[in-house]
Amino acid sequence: AAQANLNMIYLDTILKIIGIAYIAEFGAQVTRDAGQGAIASKIELAGKVLIMVMAIPILSLIVETIVRLLPS
Numbered sequence: 002a003a004q005a006n007l008n009m010i011y012l013d014t015i016l017k018i019i020g021i022a023y024i025a026e027f028g029a030q031v032t033r034d035a036g037q038g039a040i041a042s043k044i045e046l047a048g049k050v051l052i053m054v055m056a057i058p059i060l061s062l063i064v065e066t067i068v069r070l071l072p073s
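Terminal number for the sequence shown in my numbering: 73, no gaps in between.
Here it is in structure tokens:
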């Protein structure tokens with residue numbers, strides 16, 4: 002990460018997002034296998050919402066970078 006000139010905060014956030022995605026998918030599959038499709042859908046939705054909330058700082062950085070690249 003240091004050689005790629007990445008901020009460690011963003012790398013940490015990305016790793017957390019990947020972990021949330023795996024856990025949410027695992028939980029949804031377990032509940033779906035138990036015959037609880039509605040609960041599985043709620044778990045998937047909660048995982049997606051949590052991922053979007055955690056990705057807000059990264060998305061705002063991307064938007065700021067794009068705005069700076071545009072000619073003024």
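Ideal Cβ placement from N, Cα and C applies to all residues, glycine included.
Same chain, Cβ closer than 7 Å to residue i, neighbours up to 5 away in sequence not counted
i	result
Gln30	none
Arg33	Ala41
Rounded straight-line distance, which links the Cα of residue j to that of residue i
i	j	result
Val54	Ile63	15 Å
Leu75	Met9	Beyond the ends of the chain as shown, which are 2 and 73, falls residue 75; an answer cannot be given.
Ala47	Ile59	19 Å
Pro72	Ile57	25 Å
Anticipated Cβ contact below 8 Å, residue i with residue j, distance rounded
i	j	result
Ile52	Ile18	5 Å
Below-7 Å beta-carbon distance, residue i vs any chain B residue
i	result
Met55	The structure shown contains no chain B; it holds only a single protein chain.
Beta-carbon proximity list for residue i, same chain, < 8 Å, skipping 5 on both sides
i	result
Ile21	Gly48, Leu51, Ile52 and Met55
Ranges of the alpha helix (DSSP H) found wholly within the segment 6–51, counting only runs of at least 4: 9–34
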